[in-house]
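Student: I'd like to ask some things about the structure below.
Chains as they are written, first to last, in this note's numbering: chain A, 1 to 372; chain Z, 373 to 744; chain E, 745 to 1137; chain F, 1138 to 1530.
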């Protein structure tokens, strides 16, 4: 039985995360880094503050300098980031990278990497996808033993923050065909990084490995199992971000139609819009429950975790589409202008919905896990 | 390029078919045969009149005593029958049976059977399905050569009018594994007929063949090809019936909400109902075009016929669901009572939508025929 | 904590001893349900025994005070009882609008005399109740009701007509909304009264539904005498009590989506009907897509019901959540049955025939179409959400 | 009949000779389209040649009378021209709001002098037009427009602000709705006037859209002098002409669903992006389900457009059909692009990068979101259907 109610600590954290994101990383900040064509795509000062708030190390065990807050708590931070479209290394470093190192890394690697991440001094990235659509089973990148370590050959796509990461966790196939996780340093020989700006003004990279030196992250044989967990963790936190994004898009839309007049009448009094808004409200309520259930399951180590994560991601992706489509349609013409924020919510909704598996990927996985 | 506009002749036929069905076989007539638990499930007198009108022989070539009207014309009769939920052997005999005999039968069989059908003196049925869902490729019924003819062993489900048919066209597998069509007489030895009343108060039968004597319908080797055409013809005419049913359910619903008051206001003035009705209007317009295109394609012998038939059946099935669901919901409580007709439209919509392949069957077939 | 564990052990032992084996499987048809009443119809001796044994302990209404015949259990104990009954798949001993609806309303708003008179027979299953709310032509506009109660000193004389009264033809008593002040604004002139269905002037006529069943009646009230002692709460305040009852009803109906998914899972039913392929996937990929999307929604909805209940307990609830649950739950249940009949194909279309259980599936499918109409239509729920939660209009 | 066949042969021969090879493939980006105007921007010499050759024969506006520079073709001949151009995939020689919108309105409602003045330069692609309709804050409430034209004898002085004027910053002339009688009821005081965008007091400011493009402007009108000779039809009758133009616009936009399906079929795009399995089916069965349902709707919609056109020609049309086509066509086009980006996955999310054509797909996807807003929102179309066709409300 998963926990579905936030306790007082969690609600305090939720408040402070929402206040932080609204103050320091509001939509305006996304516009700033976008229009300035900022090389990083986020503010390093703000990241330092997030580290000070404990967000960078939220998922890092206390023994390695983190806050050890757990996934429900971190999900609240992601939700707040979703509400504000806050650009930061939170997802790539503090969710994906940290989880990979924590779950797969050796004690020495954890002691080396995690404290510096918690301090905001080291950025991470996870390189998994090799195909335009998420297919975690497709791993053609090869890791060949070389000396104490390995050399990598292959290419990875859609690596969030791959252009700034100091350390990159890469999935690759060893000569025996097993998938393991490997650690590559930025600037390593034979590593080519092509920065790409995405529709949401965030950065992803295409990484090419041409004999790039790497070390195994922990025990190579345990990499595949750890990776599966990391992907679930990532999908759950993207769902939390999509929830925040959907809520904010919805609330802004409801506020807009409650003000805007047409034919001399507030358009929020038109029953067809009311019913569509009410339906969307109900759908978002379902997303809330699914996201909380997935995060709770992660915290509890429940064996239903994969099922609940796919439930959350499929439902959050589907509803974020609906919320942003309805958002633009109900805003009308101004919704199409760059001046209004609602379009930015749509532009973030799709990549977040697609990353680590879209609605169809997770619906299919959900069905398979249910046994059909 | 298929013909999408009715010419004057067709429009006159449409008028007279609609007048006939509304006068002679209105919904009241369905209630009558249902409540009387009529053994046939339809009025033989009315069928005689339909024969006199030329409906029984509409698809029968003139040389065999029919009207040779073609599928667009017959589709208008089916549409009128759909509007009035008219119970009659029109579909089983005049569409399925006639098409099977016309396409597969020998000259002698046609000369024997078709004129009597056109006169309303012989009823037919087509027995194909062996599984609860339409799977035309699944044929386990066996036809073994015996003397000049064959003996059949197996069972068929969901045989429309199987309880009254004088001749039944049966698909069965010959010893070489090919599917052929066979003709069985009612009352034949080893033929067991179990009558079943369906949700739409029509009759279907389960037929069991235990060494039942049969003759080949024309050339056994050509049976499979003819059957495929017959199934397309049947599906196209069911689509026409579903179109009529959807139109009538829709028009009655619009009329109802334009009269009915709640909270002192005509409910048809509520915008959410208006928008749902307008959407349904648009969907029905699409069905009109798809049905007409499928029937025209049949008349023209177009090679796009299977594609257009699957388009029509999938779309007609989907929209009939929507039209009857919305119909009941917009009628509110009275829609749930047997006293109002709208429930009868829902009860006919589902079996007509399922017969010879439901929305999913034809969507899948459409995609396959499109090449994906 | 220890007390609760003791309670669980005692309950388990008692149920093991007292719940007949035939009562340990789900109700398959209406006759499997026990509704009690003056002329109770028991399908089996086991059914009678099971109701009487549970009633004796007050466990037909576990949380009602013992002074009114109830079980006097705490919330935690009642939960344990439900869990233990669930463990052995024990059937509900008594289905009752008395327990579900008028009982809770009397406990909250009724006089001591009314509670003493009506609650114990409800617990014992001796009196079956029906609800006189809707009127012909009013639909969702409940407050527009026209049934008049004229004051005659110690009693009212009631005239009017009700519709959609569940099992009125089988009920012994009725809780009924009547207009006591015709001059007051709609909601302000309504009272809630109770009367015996055997009172002269009460007539019922069953309504035949599209499913073929007749669970509802039209009820005609002609000069029906209702004692003032049978007025619930205050005169002209009936709308308050009605709203309380409606919320109860809505929650009951919205539970349907959940109950349904508590039965055999939809996908199992589909797998039985349509088959699985070699990879262990449902054989029809398009049906699988639609079933999976329903299944996702159903699981997310079940979690949402849980969450909202848990939040309400923790004092964090949004009001009007019941409108959302009612809306979504009933629409889900309709989708469920559309998918079920699609999977069963022609078998699901058989209404009367030797096989196929007398058309149970198509009748159940047709029945679901009322879910989004009864207890406040889907449209009314969406209005409530948009006005009360979203503040639109 | 023979004449038409001759016409076809001649047309085919002429096109073969005169349509440059590079103009025989679809436009891939905005720069591939030729909009003409005083300062025309030609991407290539071929593009210029192609426009000039077609304009010389009047075939940029094939059905307009030759006296105004048009092609003077009959409907049948025009259809043959379209078919023959389609056969060689010839690109449109000239995209023009003049040809699509104000031209037909002038032919129907304009004075002889206005036709003579404006139509020939439109055919020759010498003057590019924009449309001054919407105003800030008015949205779908077009008739509520505030831009005032004060009568000064032989001219008006116009003050006000327009929004969503397509390419106003690149246009030479504007057809503009103004209020000439502020006391008349909304629709009754509106006139349609024409003015040169170079007139003093006309200023434009491009609006940046979410797609990054700026095809629309805000247009500010400050004491703009408009000669009375440039009034279309009668004063205060502008709403009639506006409705005619709107219907035209709606049909143009509703064509989008069709145009799109005329390009590479969605399923081919999906197959390229997502792959096919060993059975020749799209690799992702759930995506295949969604694509197939879209594909069905798109084909049924294309047939419906054909049918309604054919019925209109046969005099059987329902009025207001354009509202239905606009509604359904734009919603289809939005669905199409949602499916396209789902199939392309991360590739479709790339906005700027070495590959992926400068984010063409995500920009096109974002652009479709305006389809159901411009030219009358989806909500307005549904209102029109329910009121004008269904007679509701």
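Note that the Cβ used here is the ideal one computed from N, Cα and C, for glycine as well.
None of these values were measured; they are calculated from a predicted model.
Run down chain E in chain order and give the residues with a C-beta less than 8 Å from the C-beta of residue 1413 of chain F.
Tutor: Position 276 of the fourth chain, counted from the first residue, corresponds to residue 1413 of chain F. Simply none; closest approach about 14 Å.
Student: What does the alpha-carbon distance come out to for the pair residue 404 of chain Z and residue 711 of chain Z?
Tutor: On the second chain, residue 404 of chain Z is found 32 positions in, with the first residue counted as 1. On the second chain, residue 711 of chain Z is found 339 positions in, with the first residue counted as 1. Computed Cα separation, rounded: 13 Å.
Student: Can the beta-carbon of residue 402 of chain Z be found less than 9 Å from the beta-carbon of residue 478 of chain Z?
Tutor: Your numbering for residue 402 of chain Z matches position 30 in the second chain. Your numbering for residue 478 of chain Z matches position 106 in the second chain. Cβ distance not < 9 Å, so residue 402 of chain Z and residue 478 of chain Z don't count as in contact.
Student: Using 8 Å for Cβ pairs, my map puts residue 582 of chain Z next to residue 545 of chain Z. What's the rounded Cβ distance?
Tutor: The count along the second chain starts at 1 and reaches residue 582 of chain Z at position 210. The count along the second chain starts at 1 and reaches residue 545 of chain Z at position 173. So it is not a contact: roughly 16 Å between Cβ atoms.
Student: Under the three-state reduction of DSSP, which class applies to residue 258 of chain A: helix, strand or coil?
Tutor: For this step, residue 258 of chain A is matched to residue 258 along the first chain. Of the three classes helix, strand and coil, the one that applies to residue 258 of chain A here is coil, per DSSP.
Student: Take residue 895 of chain E as the anchor and find which of E/911, E/888 and E/924 has the nearest alpha-carbon.
Tutor: Position 151 of the third chain, counting from 1, holds the residue named residue 895 of chain E. Answer by Cα proximity: E/924.
Student: For residue 530 of chain Z, report the span of its beta strand (DSSP E) as first-last.
Tutor: Translated into positions along the second chain, residue 530 of chain Z becomes position 158. 521 to 532 is the extent of the beta strand (DSSP E) around residue 530 of chain Z.
Student: Could you compute how far the alpha carbon of residue 916 of chain E sits from the alpha carbon of residue 780 of chain E?
Tutor: Residue 916 of chain E sits at position 172 when you count from the first residue of the third chain. Residue 780 of chain E sits at position 36 when you count from the first residue of the third chain. Each residue's Cα considered, the two are about 10 Å apart.
Student: Drop a sphere of 10 angstroms on the beta-carbon of residue 1248 of chain F, count the other beta-carbons inside from all chains shown, and report buried for 16 or more, exposed for fewer.
Tutor: As a position in the fourth chain, residue 1248 of chain F is number 111, starting the count at 1. By the 10 Å Cβ count, residue 1248 of chain F comes out exposed.
Student: Which residue wins for smallest C-alpha separation from residue 282 of chain A, given the options E/1055, E/1118, E/1067 and E/939?
Tutor: As a first step, residue 282 of chain A is located in the first chain; it is residue number 282 there, counting from the start. The shortest C-alpha separation from residue 282 of chain A is found at E/1067.
Student: With 9 Å set as the bound, which would you pick, yes or no: does the beta-carbon of residue 1518 of chain F sit closer than that to a beta-carbon of chain Z?
Tutor: For the purposes of this step, residue 1518 of chain F is identified with residue 381 of the fourth chain, where counting begins at 1. Chain Z, which has a Cβ nearer than 9 Å to the Cβ of residue 1518 of chain F, makes this yes.
Student: Mind checking if residue 1028 of chain E is an interface residue toward chain Z, Cβ cutoff 9 Å exclusive?
Tutor: The count along the third chain starts at 1 and reaches residue 1028 of chain E at position 284. With 9 Å as the cut-off, residue 1028 of chain E counts as an interface residue toward chain Z.
Student: Using a Cβ-Cβ cut-off of less than 9 Å, list which residues of the segment 624 to 649 of chain Z approach chain A; keep chain order.
Tutor: For the segment 624 to 649 of chain Z, which is checked against every Cβ of chain A, the residues closer than 9 Å are 642, 643, 644, 645, 646, 647 and 648.
Student: Quick check on residue 752 of chain E - is its C-beta less than 9 Å from some C-beta in chain A?
Tutor: Within the third chain, the letter at position 8 stands for residue 752 of chain E. Chain A contact via Cβ: absent.
Student: Taking the C-alpha atoms as reference points, what is the distance between residue 1521 of chain F and residue 1508 of chain F?
Tutor: Here residue 1521 of chain F corresponds to residue number 384 of the fourth chain, with the count starting at 1. Here residue 1508 of chain F corresponds to residue number 371 of the fourth chain, with the count starting at 1. Each residue's alpha carbon lies about 17 Å from the other.
Student: Using a C-beta cutoff of 9 Å, does residue 384 of chain A count as contacting chain E?
Tutor: Here chain A covers residues 1 to 372 and nothing more, so residue 384 of chain A does not appear.
Student: Applying the criterion that 16 or more other CB atoms from any shown protein chain within 10 Å of the CB defines a buried residue, is residue 71 of chain A buried or exposed?
Tutor: Translated into positions along the first chain, residue 71 of chain A becomes position 71. Residue 71 of chain A is buried by the Cβ-count criterion.
Student: Can you tell me where the beta strand (DSSP E) with residue 164 of chain A in it begins and where it stops?
Tutor: Here the question's residue 164 of chain A lines up with position 164 in the first chain. That residue, residue 164 of chain A, is in no beta strand (DSSP E); it is neither H nor E in DSSP.
Student: What in chain F is Cβ-close to residue 745 of chain Z, meaning under 7 Å?
Tutor: Since the first residue of chain Z shown is 373 and the last is 744, residue 745 of chain Z is not available in this structure.
Student: Determine the direct distance from the alpha carbon of residue 1529 of chain F to that of residue 1393 of chain F, and round the result to whole angstroms.
Tutor: Against the fourth chain, residue 1393 of chain F aligns to sequence position 256. Against the fourth chain, residue 1529 of chain F aligns to sequence position 392. Confidence is the limiting factor: at residue 1393 of chain F the pLDDT is only 45, short of 50, which leaves the residue's position unreliable, though a coordinate-based value still follows. About 29 Å.
Student: Give me the chain Z residues within the contact set of residue 1464 of chain F, using Cβ-Cβ distance strictly less than 9 Å, ordered along the chain.
Tutor: For this step, residue 1464 of chain F is matched to residue 327 along the fourth chain. By Cβ distance, chain Z contributes 650, 651 and 654.
Student: Take every Cβ of the segment 577 to 592 of chain Z, pair it with every Cβ of the segment 516 to 533 of chain Z, and state whether three or more of those distances are shorter than 8 Å.
Tutor: Result yes; three or more Cβ-Cβ pairs closer than 8 Å.
Student: Exposed or buried, which one is residue 234 of chain A when buried takes at least 16 other CB atoms within 10 Å?
Tutor: What you label residue 234 of chain A is simply residue 234 of the first chain in a count that begins at 1. So residue 234 of chain A ends up on the buried side.
Student: Return the residues of the segment 1299 to 1323 of chain F that lie within a Cβ-Cβ distance of less than 8 Å from chain A, sorted by chain order.
Tutor: Those would be 1300 and 1301, in chain order.
Student: For residue 226 of chain A, does the count of other Cβ atoms within 10 angstroms reach 16, so buried, or fall short, so exposed?
Tutor: Start at 1 with the first residue of the first chain, and residue 226 of chain A comes out as number 226. Its Cβ being crowded by 16 or more others within 10 Å, residue 226 of chain A is buried.
Student: Work out the CA separation of residue 25 of chain A and residue 692 of chain Z for me, nearest whole Å.
Tutor: Counting from one through the second chain, the residue named residue 692 of chain Z turns up at place 320. Counting from one through the first chain, the residue named residue 25 of chain A turns up at place 25. Going from the Cα of residue 692 of chain Z to the Cα of residue 25 of chain A covers about 50 Å.
Student: Find out if the Cβ-Cβ distance for the pair residue 1325 of chain F, residue 1376 of chain F is shorter than 9 Å.
Tutor: Residue mapping note: residue 1325 of chain F aligns to position 188 of the fourth chain, counting from 1. Residue mapping note: residue 1376 of chain F aligns to position 239 of the fourth chain, counting from 1. Yes, Cβ-Cβ distance for residue 1325 of chain F and residue 1376 of chain F is below 9 Å.
Student: So what does DSSP say about residue 895 of chain E, is it helix, strand or coil?
Tutor: Looking up residue 895 of chain E in the third chain gives position 151. In this structure, residue 895 of chain E counts as strand in the three-state DSSP scheme.
Student: Residues of chain Z with CB closer than 7 Å to the CB of residue 884 of chain E, please, in chain order.
Tutor: For this step, residue 884 of chain E is matched to residue 140 along the third chain. Near residue 884 of chain E (Cβ distances below 7 Å), the residues of chain Z are 634.
Student: Note down the Cα distance separating residue 244 of chain A from residue 1187 of chain F, rounded to an integer number of angstroms.
Tutor: Your numbering for residue 244 of chain A matches position 244 in the first chain. Your numbering for residue 1187 of chain F matches position 50 in the fourth chain. Distance between the alpha carbons of residue 244 of chain A and residue 1187 of chain F is about 53 Å.
Student: In whole angstroms, what separates the C-alpha of residue 49 of chain A from that of residue 56 of chain A?
Tutor: The sequence position of residue 49 of chain A within the first chain is 49, counting from 1. The sequence position of residue 56 of chain A within the first chain is 56, counting from 1. Cα to Cα, the separation comes out at about 9 Å.
Student: Counting C-beta neighbours from all protein chains within 10 Å, is the total for residue 401 of chain A 16 or more, i.e. buried, or is it exposed?
Tutor: Residue 401 of chain A lies beyond the stretch modelled for chain A, which goes from 1 to 372, so this question has no answer here.
Student: I'd like the span of the alpha helix (DSSP H) that includes residue 417 of chain Z, first residue to last.
Tutor: Numbered from 1 along the second chain, position 45 holds the residue referred to as residue 417 of chain Z. First-last of the alpha helix (DSSP H) with residue 417 of chain Z: 416 to 425.
Student: From residue 640 of chain Z to residue 631 of chain Z, what does the alpha carbon distance come to, in whole angstroms?
Tutor: On the second chain, residue 640 of chain Z is found 268 positions in, with the first residue counted as 1. On the second chain, residue 631 of chain Z is found 259 positions in, with the first residue counted as 1. Each residue's Cα considered, the two are about 8 Å apart.
Student: Using a beta-carbon distance below 9 Å, is residue 1078 of chain F in contact with chain A?
Tutor: Lying outside 1138 to 1530, the shown extent of chain F, residue 1078 of chain F is not represented and no answer is given.
Student: Straight-line CA distance for residue 1158 of chain F to residue 1190 of chain F?
Tutor: To locate residue 1158 of chain F, count along the fourth chain from 1; it is residue 21. To locate residue 1190 of chain F, count along the fourth chain from 1; it is residue 53. The alpha-carbon atoms of residue 1158 of chain F and residue 1190 of chain F are separated by roughly 14 Å.
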